[in-house]
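Visitor: I have a structure I would like to understand better, so I am pasting it below and will then ask my questions one at a time.
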Amino acid sequence: MQKHHTFKLKPLAAATGAALMVGFGAGAVRAADNLPDLGSSGGQPWRVDTFYENDTHYRDDTGLSKFRNTVQIEADKDLGGNSTFSSIKFRSKLRGTYDGVYSMNSDKYGKDAGGPIRLENGRPGVDYGPNIGAPPGVPFLQGTAPVAHGSGPINYTNATGLLTGAYMAAGVPAGPAAGLAATNNFADAYPTNPNNGMIVLGKYLHNTNGGVAFGVPQAPCDYDKRGCIKDYMDANSHELASPEFNDRLDFIREAFFVAKMPAGEGRSWNFQLGKQQVVWGRTDLFRVLDVINPVDYSRNNIYDELQDIRIPMWIFTAEYRMGATNTFDDTNIQLVWNFDKFRPNNLGQGGTPNQILGAGDFFRGMKNLWDNGGTVANFAGADPTGGIATNFGAHQIGIRKAHMPEWSLENTQVGIKWEGVYQGTGFSLNALTYRSQLPSLRNLYSKGVTNVNPFTSGGPFVLAPGQTTATYPYNIAFDIYFPRINLVGGSMDMQLDSIKSSLRVETALTKGEEFANTAKPELYSESKVWRYVIGLDRPTFIPFLNENRAFLLSAQLFGQHLLDHEEHRGPWGKYGMPDWEHNHIGTFLIKGWYMNDRVSPQIIMARDFQAHSYVVAPSVEWLYSDNLKLTFGANVKGGDGARSWNDARDGNPFPPYSGAQGGRNPMEQGMVGLTGYEPLGRFRAGPIGMANKEDEVSITVRYKF
């Protein structure tokens, strides 16, 4: 298959001789000379290539954001054949990484990251009492922005009298009101969640500006365990610096056998078994069909090549190659069985430099709220100008745990692809059933709980006398799930001789994906999704830049459409699903060559049309010798950046005090469209907009031994 450009915006800065920092480097090179001979006496010798790379990034405002040193060994061997298989080959790729940023810039990304924080408390002088329905004698609360973590005006002492009076003023029977006042789980102090080692959620992108926000612990989990989600986002400093060395043996990038078995009449079976990447897509950057392997976005967000950030899995493939037929120039069928234990995408962990959509900080802050409680900015009695900062206790709001699918046949992934060529046009039809590699947050209490006091076990209400089961809509307490998804799709590539271009098309329809949805009491819903990518590549002479060598021009357009999208407008704004119903992202590459192709400048541009965000990444690759390559680059972003969306506090999950202002009954639940940047605005901003303040310069040094 033709190699198309990848969206490689490798922003690097400040190269150094970092090979000495990778202690396993020299030993790995020597070991390659003594690999065991797995083949027969007729087999070929090992083909071994060893690479060292230093990848350094310098980010505006935060300083050094990457000092990654990598040693990679690629070793292949032809093992010959036997009476069953005409050829057997073994392919392997080992990779080890050490990123020094966690020690070299420890006050941003290491053990010294974060500090004490202050949170917005509405607007100074704004009276938030009338919304809560406080009776005479209960003092009104006013905004006094900002307040330190742990110092919100809504706390245990204040809320006891305030909520009891508010229930009575709203005509609620005294029994539940008395129970509520006696057992509420607001907090006055946080002995397990001190005001240190944190940042305010969204700090590096936006101000809170009247929305919700809370503290996010920043240090690796061996220095600060707050907010670390077991088996999902709980990496310690060693695992962050050297992510391949873990219990999943990620230093094995590839280790698989390839065997060819003749089937007569020019046909054959090809089998592959081992740890590998299976690539179904024909386009770059956008994962439409290419979803068999999860992706590690913590390596460099979306800006590294997919071949470097796919997470290899233990997979078996069987491909029946039928060759030409009366109709097709070539055709084959491939069966794929990913029998590895489930693995989600790595979205980045709170406190690390690269977090797609800022997800790592959000998840860690929410887990910390559940485990330890914390202050939430502008939560109670809110209106578009803000609200009252609230001290929540443990097990009230946040993320409780992640349900990671255990290994079972039911949790493995199976796919089939029919691929061929018809009159010069390549095509494929694909089907796959798999677990979502992205998390879904489901309301803990929306389906009902039995015989519990939710104020001491995580919910917003006390059961009324005689009540044994209740549902708690719009409650901001979640578990993480990874739902089953079914995908069907196809792809095509063809030459357009009339315009001297090649066309690539890829499309897929999925069923089972789950999205945040503030219009639902569960705060999520399912939607079928249609995605596609159209790519056009053309070699083009640009005489005033180079009279002797054509430039590669490559454009792509990605589209995503939520077929079950839901969106409504309330008195203060929209609510429902924050993901755009229809969205498009375009990319454009110009790449040239000079000095006998040893110098290659390029510029890559991308635009997220709905998010109004863009990125421009110029770079120059210099092949100094056959063994040494240098790459200089930059990564500059612009546009709107942070976007806002309904944040669920106006659903009144804790009536009467959490109801948004606006004159409605303080006991009534439901959305009025109150918005903020956090937490759901990230889906409106997209991965480019959420990284709007992460401009970088960079240098990469790559040496082949």
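For the record, in the sequence shown the residue sitting at position 440 is 442 according to our numbering, with numbers rising by one throughout.
Where a beta carbon is used, it is the ideal one built from N, C-alpha and C, also for glycine.
All values reported here derive from a predicted model rather than from experimental measurement.
Enumerated in chain order, which unbroken segments of the alpha helix (DSSP H) with a length of 4 residues or greater are wholly contained in the segment 35-120?
Guide: 103-106, 108-111
Visitor: When the distance is taken between beta carbons, is Asn380 closer than 8 angstroms to Ile156?
Guide: Not a contact, by the Cβ cut-off of 8 angstroms.
Visitor: Just verifying my parser: in three-state terms, what is the DSSP assignment at Ser504?
Guide: It is a strand residue.
Visitor: If you measure between the beta carbons of Tyr626 and Tyr54, is that distance less than 8 angstroms?
Guide: no
Visitor: Using CA atoms only, rank isn't needed, just tell me which of Gly389, Asn123, Ala384, Thr435 is closest to Thr146.
Guide: Asn123
Visitor: Among all the DSSP beta bridges, which residues are the ones paired with Ser493?
Guide: Ser430, Glu508
Visitor: Is the beta carbon of Glu583 closer than 8 angstroms to that of Ser602?
Guide: no
Visitor: Could you name the residues that DSSP lists as bridge partners for Phe723?
Guide: Missing from the structure shown is residue 723; the chain here goes from 3 to 707 and no further.
Visitor: Any idea which residues DSSP pairs Lys419 with across the strands?
Guide: Gln336, Asn432
Visitor: How would you label Asn340, buried or exposed, when you count the other beta carbons within 10 angstroms and need 16 or more for buried?
Guide: Of the residues assessed, Asn340 falls on the buried side of the cut-off, its CB having 16 or more other CB atoms within 10 angstroms.
Visitor: With a threshold of 16 other CB atoms inside 10 Å of the CB of Trp409, please say whether the residue is buried or exposed.
Guide: exposed
Visitor: Our contact map puts Asp252 next to Pro245 with C-beta atoms below 8 angstroms; I'd like the distance itself, whole angstroms only.
Guide: 7 angstroms
Visitor: Helix, strand or coil for Ala265, going by three-state DSSP, please let me know.
Guide: Assignment of Ala265 by DSSP, reduced to helix, strand and coil, places it in the strand class.
Visitor: Please name the residue or residues paired with Asp539 in a DSSP beta bridge.
Guide: Ser504, Ser556
Visitor: May I have the straight-line CA-CA distance separating Gln671 from Ile390, to the nearest angstrom?
Guide: 18 angstroms
Visitor: So Asp481 and Ala662 are supposed to be a Cβ contact under 8 angstroms. How far apart are they, rounded?
Guide: The pair is not a contact, with the Cβ atoms about 26 angstroms apart (cut-off 8 angstroms).
Visitor: What is the rounded straight-line gap between the Cα of Thr329 and the Cα of Tyr424?
Guide: 7 angstroms
Visitor: Under the DSSP definition of a beta bridge, which residues are partnered with Asn732?
Guide: Because the chain here runs from 3 to 707, residue 732 falls outside it and cannot be looked at.
Visitor: Which residues does DSSP list as the beta-bridge partners of Leu291?
Guide: In the DSSP output, where bridge partners are listed per residue, Leu291 has none listed.
Visitor: Using a threshold of 7 angstroms, is the CB atom of Ala189 nearer than that to any non-hydrogen atom of the ligand NAP?
Guide: With respect to the ligand NAP, the structure shown offers nothing to examine, as it has no ligands at all.
Visitor: Below 6 angstroms CB to CB, which residues in the same chain sit around Arg255 once its five sequence neighbours on both sides are set aside?
Guide: Only Lys95, Arg97, Pro314 meet the Cβ criterion.
Visitor: Touch check for the segment 585-602 and the segment 552-565: three-plus C-beta pairs under 8 angstroms?
Guide: yes
Visitor: Between Ala320, Asp599, Arg289, Gly362, which lies nearest to Val535 when the distance is taken from Cα to Cα?
Guide: Restricting attention to Ala320, Asp599, Arg289, Gly362, the CA atom closest to the CA of Val535 is found in Arg289.
Visitor: What do you reckon, are the CB atoms on Gly417 and Leu434 nearer than 8 angstroms?
Guide: Their beta carbons are under 8 angstroms apart, which means Gly417 touches Leu434 by this criterion.
Visitor: Between which two residues does the alpha helix (DSSP H) carrying His240 extend?
Guide: Segment 239-243, the alpha helix (DSSP H) holding His240.
Visitor: Per DSSP, what are the beta-bridge partners of Asp481 in this structure?
Guide: Arg444
Visitor: Nearest by alpha-carbon distance to Leu359: which of Thr702, Thr520, Pro681 is it?
Guide: Pro681
Visitor: Would you kindly report the start and end of the unbroken alpha helix (DSSP H) that includes Ala693?
Guide: No alpha helix (DSSP H) contains Ala693, which DSSP labels as neither H nor E.
Visitor: Applying the 10 Å Cβ sphere with the 16-neighbour rule, what's the burial state of Lys502?
Guide: exposed
Visitor: Between Ala184 and the rest of its own chain, which residues show a CB-CB distance below 6 angstroms, the 5 nearest in sequence each way excluded?
Guide: The pLDDT assigned to Ala184 is 37, lower than 50, so where the model puts this residue is not dependable, and the model offers no usable value.
Visitor: In the DSSP assignment, find the beta strand (DSSP E) that holds Met607 and state where it starts and stops.
Guide: 601-610
Visitor: Pull up the CB-CB distance for Tyr111 and Gly367, whole angstroms please, since I reckon it's below 8 angstroms.
Guide: Going by Cβ atoms, the distance from Tyr111 to Gly367 rounds to 16 angstroms, so no, they are not a contact pair.
Visitor: For Ile478, which residues of its own chain have a beta-carbon under 7 angstroms away from its beta-carbon, when the five flanking residues on both sides are left out?
Guide: Ile399, Ala650, Pro655
Visitor: Given that a residue counts as buried once 16 or more other Cβ atoms are within 10 Å of its Cβ, and exposed if not, what is Gln357?
Guide: buried
Visitor: Would you be able to state if there are at least three C-beta pairs under 8 angstroms between the segment 55-70 and the segment 79-91?
Guide: no
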